[in-house]
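Inspection log for the structure reproduced underneath, given as structure tokens.
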Amino acid sequence: MAHLRDDHYMSPRPGTKAYTVASTATRTAIDAAHRGTLIALRDELDILCVEVETDASWPADVAWALEALQPRRRRRRTLLTRRPKPYENVADLRPGDDRDFAIAMAVAPYTSYAIGITHDAGVAYTSYDRGEEPYFELTEAEHVLVTTYLAANSADPELLIRYEEQPPPDKG
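Numbering (our numbering), first residue to last: 11 to 182.
Laid out in structure tokens, this is it:
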């Protein structure tokens, strides 16, 4: 089992290893790592629950996705069952749906919190703090897809590191 922030634990999928993004990664590399991971995990993920801050600054190319999430805000129950604060928007996205996947690809790197649940109820993707604390469970083939995506998007593939190699953030 992998130990995550705030004493959360994740059971790994068989044949996977835990990855994160190096603390030295640029915003562009962080975004590419999230998006590459979602592409690699798309067929494995049943649901991606995202929590976004509506009052945060959003890149112009992502603002459309935040707008697309607004109608979903009225839903009472999501995977994250607590009631969101007025400045938060919590939504369950289905990666198998093209529109939901496009929204996920846009907002995932900027979520306050995100969790990706696989079809067999495992957790393969989590992220905190606008994408700066990611945790990905990847098979070797998925890892190759993510590093290829990083390279194709002008990010160093070596920035995707084993989770055990990254010291936990010091929150003071």
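The beta-carbon is built from N, C-alpha and C at its ideal position, and this holds for glycine as well.
Arg37 counts as exposed, since fewer than 16 other C-beta atoms from the protein chains shown sit within 10 angstroms of its C-beta. Taking C-beta atoms under 8 Å as the contact rule, Ile113 and Ala73 fail to qualify, at a distance of about 12 Å. Secondary structure note for Arg172: its beta strand (DSSP E) is the uninterrupted segment 170-172. Excluding five sequence positions before and after Thr149, the CB atoms of its chain that fall closer than 7 Å to its own CB belong to Gly25, Thr26, given in chain order. For Gly141, there is no enclosing alpha helix (DSSP H), as DSSP marks it with neither H nor E. Looking at the backbone, the Cα of Gln80 and that of Val156 are separated by about 30 Å.
Here Leu55 really is in contact with Gly126; their C-beta atoms are around 5 Å apart, less than 8 Å.
Around the CB of Ala165, 16 or more other CB atoms lie within 10 Å, so the residue is classed as buried. When rounded, the separation of the alpha-carbon atoms in Ala134 and Ala28 is 9 Å.
Under the 10 Å beta carbon count, His129 is surrounded by fewer than 16 other beta carbons and is classified as exposed. Residues Ala118, Pro119, Gly141 of the same chain have their beta carbon placed closer than 6 Å to that of His44, with the five preceding and five following residues left out of the count.
When the alpha-carbon of Arg109 is set against those of Arg172, Gly46, Ala66, Arg52, the nearest one is in Arg52. By a beta-carbon distance limit of 8 Å, Leu160 contacts Ala39. Their separation comes to about 7 Å. The alpha carbon of Ala131 has as its nearest neighbour, out of Ala42, Leu58, Gly46, Thr47, the alpha carbon of Leu58. If you look at Glu175, you'll find it isn't in any alpha helix (DSSP H); DSSP assigns it neither H nor E. Beta-bridge analysis with DSSP links Ala124 to Val60, Ser137. The residue from Ala162, His153, Phe111, Thr158 with its alpha-carbon nearest to that of Tyr173 is His153.
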